[in-house]
Each structure stands twice: as structure tokens, then as C-alpha cells.
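In my numbering, the protein residues as written are 628 to 878.
Given below as C-alpha cells:
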């Protein structure tokens, strides 16, 4: 199971906003992750926490491209966390190798054809709307059935756009338009997502449903969840702190 390390080059991400919001700090954190054995560094320039406004394309590019270029120089395997096709293209050209799109191609109609043309792995997350709207859309009949159905629609759209099956990874979108009960139902039924036949990424790191008043207090619960998921057959976990998760997986 791979460990994807989160590198948010943002002032307002929920767990680490502002900690790596300049080139030197971000690159230093990337080097730390590499030393800790990270498999993929996921670089993002736009917070997707509930309620935040979107940043401009220009701002997003200014945040992520210099960091990608510097970490690509030392051979890092990099994913670009973006909903914009133009940012994804620029990031791949700068040295990233994977696109991680929290909207699963819904936020930008150019994303799926762009990912297909670039020929790189594409992570499609379950998504029901931008940060301003997501909490109001956490309504399901059967959350597992509904999310699987909506994910299958995104898989079909990706394949129809020309993304190959081998390049497609799915993410059920823990914490996106889902309450704590929904999140645990998905985790408890993770084998049903694995059974879809695509690599599954889980991004639950330090999220509110794990408890604790602030994100740093949720790290122990995040590590326990990684331990639990290590035998589930998923492809990987997306986490803030690389070292303890690698240690759990290697123990």
C-alpha cells in the first residue's frame, strides 16, 4: 500500500494551512517526506475545506509550479491536486506524473480529455460540489450504494474520454459532502469499493470525523485507520505525516 504525502502550498488548508506557504518551506517539507520514504507527494495550491472560496488559476499556478519543478529535480514522484485542466497540464509539464482531481472531472469539462491526452494516472474522487456547497449536499438514501453509483458514472466518463483503465484510480471522497456517519459507513464497506476493480485511494487524514478539537489531535486516529486499511486491499492512503504511516505499514 502506498503512502501519498500531502503538501498544501496554501494559507488556508484545514490541517496545515500556512505551514508550507512559500517555496522554501514547501520544498523543505518535500525533502523531509522523501527522507521518510513517501511514495508520492501530492502538491496542491487550492484548499478544498468546506466553505472556502476558490483561488484564481494564476494564483494556483504560482503556488504549485515552482515547488513541482524543485522536487522533480530530485526524482520525487509527484501528483498535482487540482480541479483545473490547465493547472494539471502545466504541472505535468513541470515534472508531476499523476493528476489528483477531487471533482472527478466535474469541475472542469476539459479535465478528462486533458488527462487522457497526457496519458498519466488520474485519480477521480467522489464529489458533489464546490466547498461552498458540499455540506448541504450530504444527503443520501444509502451512502455506500449512492457513492458507488456516482463513482461508476465518473469511471465511465473517464473511460469514454480516453483515460485507460490502467491509468484510473478512484477515491470515495471521505469528508466531501459526507458527515461522520457517512464516512464510517464507507470505510466499513471499503471492500465494495475495492471490488469495483480500480485502485482505491483513501484521504481521511486528520479529518473531523476522527474526533479531536483540532486537526493535530487526530493524528493518532489517522494512524490507526491506516493500520486498519492496510489489509483492506486499497491502493493507498493520503496523509499529512508520512513517517508514522510508513512505520505502521512496515511493522
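The beta-carbon is built from N, C-alpha and C at its ideal position, and this holds for glycine as well.
Here's the rule I'm using: 16 or more other beta-carbon atoms within 10 Å means buried, otherwise exposed. How should residue 637 be labelled? For the purposes of this step, residue 637 is identified with residue 10 of the chain shown, where counting begins at 1. Buried, since its Cβ has 16 or more Cβ neighbours within 10 Å.
Any idea what DSSP makes of residue 713, helix, strand or coil? Sequence index remark: in the chain shown, residue 713 carries index 86 (1-based). DSSP places residue 713 in helix when its eight states are reduced to three.
Residues near residue 956 in its chain [Cβ-Cβ closer than 7 Å; skip 5 each side]: Because the chain in this structure spans residues 628 to 878, residue 956 falls outside the shown range and cannot be described.
Determine which residues share a DSSP beta bridge with residue 865 and list them. Your numbering for residue 865 matches position 238 in the chain shown. 631.
Exposed or buried, residue 746, counting other C-beta atoms within 10 Å across all chains shown (16 or more means buried)? One-based indexing of the chain shown puts residue 746 at position 119. Using a 10 angstroms sphere on the CB of residue 746, the tally of other CB atoms stays under 16, which defines it as exposed.
Expressed to the nearest angstrom, what Euclidean distance is found between the alpha-carbon atoms of residue 801 and residue 857? Numbered from 1 along the chain shown, position 174 holds the residue referred to as residue 801. Numbered from 1 along the chain shown, position 230 holds the residue referred to as residue 857. Their Cα atoms are separated by approximately 17 Å.
Who are residue 795's beta bridge partners in DSSP? Working through the chain shown from its first residue, we reach residue 795 at position 168. Per DSSP, 749.
Evaluate residue 755 with the Cβ neighbour count: other Cβ atoms within 10 Å of its Cβ, from every protein chain shown; 16 or more gives buried, anything less gives exposed. As a first step, residue 755 is located in the chain shown; it is residue number 128 there, counting from the start. It counts as buried.
Figure out for me which residue from 687, 661, 732 and 787 has the closest Cα to the Cα of residue 704. Along the chain shown, read from residue 1 onward, the residue named residue 704 stands at position 77. Measuring from the Cα of residue 704, the nearest candidate turns out to be 661.
In chain order, which beta strand (DSSP E) runs of at least 3 residues are fully inside the stretch 646–692? If we require 3 residues or more, the beta strand (DSSP E) runs fully inside the stretch 646–692 come out as 667–671.
Between residue 854 and residue 665, what straight-line distance do the alpha-carbon atoms span, to the nearest angstrom? Sequence index remark: in the chain shown, residue 854 carries index 227 (1-based). Sequence index remark: in the chain shown, residue 665 carries index 38 (1-based). Spanning the two alpha carbons is a distance of roughly 16 Å.
Integer Cβ distance of residue 796 from residue 828, believed to fall under 8 Å: For the purposes of this step, residue 796 is taken as residue 169 along the chain shown, with counting starting at 1. For the purposes of this step, residue 828 is taken as residue 201 along the chain shown, with counting starting at 1. Sure, about 6 Å apart at Cβ, within 8 Å.
DSSP three-state assignment for residue 735, whether helix, strand or coil: To locate residue 735, count along the chain shown from 1; it is residue 108. Coil.
Neighbour-count burial assignment, residue 791, 16 or more Cβ in a 10 Å radius: On the chain shown, residue 791 is found 164 positions in, with the first residue counted as 1. So residue 791 ends up on the exposed side.
For residue 710, which option in 698, 683 and 702 has the closest C-alpha, if you only look at C-alpha atoms? Counting from 1 along the chain shown, the entry for residue 710 is found at position 83. Out of 698, 683 and 702, the CA that lies nearest to the CA of residue 710 is found in 683.
C-beta atoms of residue 757 and residue 731 nearer than 8 Å: Along the chain shown, read from residue 1 onward, the residue named residue 757 stands at position 130. Along the chain shown, read from residue 1 onward, the residue named residue 731 stands at position 104. Against a cut-off of 8 Å, the Cβ pair of residue 731 and residue 757 comes out as no contact.
Is residue 750 closer than 8 Å to residue 721 when the C-beta atoms are compared? Numbered from 1 along the chain shown, position 94 holds the residue referred to as residue 721. Numbered from 1 along the chain shown, position 123 holds the residue referred to as residue 750. Result no, Cβ atoms of residue 721 and residue 750 do not sit closer than 8 Å.
Please confirm whether residue 783 has its beta-carbon closer than 8 Å to some beta-carbon of chain C. Among the chains in the structure shown there is no chain C, since it carries only a single protein chain.
Out of 788, 787, 799 and 868, point me to the one whose CA is closest to residue 775's CA. Taking the chain shown and counting its residues from 1, the one referred to as residue 775 is at position 148. Answer by Cα proximity: 799.
Hey, could you find the ends of the alpha helix (DSSP H) residue 783 is sitting in? The residue labelled residue 783 in the question sits at position 156 within the chain shown. Taken as a continuous stretch (DSSP letters only), the alpha helix (DSSP H) holding residue 783 covers 770–788.
Could you say which of 848, 663 and 657 lies nearest to residue 835 if we only look at CA atoms? Numbered from 1 along the chain shown, position 208 holds the residue referred to as residue 835. With distances taken between Cα atoms, residue 835 lies closest to 848.
In three-state terms, what does DSSP make of residue 828? If you number the chain shown from 1, residue 828 lands on position 201. Reduced to three states, the DSSP call for residue 828 is strand.
Would you call the CB atoms of residue 872 and residue 833 closer than 8 Å? Position 245 of the chain shown, counting from 1, holds the residue named residue 872. Position 206 of the chain shown, counting from 1, holds the residue named residue 833. No.
Within this structure, are the beta carbons of residue 876 and residue 628 separated by less than 8 Å? Locating residue 876 in the chain shown gives position 249, counting from the first residue. Locating residue 628 in the chain shown gives position 1, counting from the first residue. In terms of Cβ geometry, residue 876 and residue 628 form a close pair [threshold 8 Å].
Could you say which of 805, 708 and 851 lies nearest to residue 674 if we only look at CA atoms? In the chain shown, the residue the question calls residue 674 occupies position 47. When only C-alpha atoms are compared, the closest one is 708.
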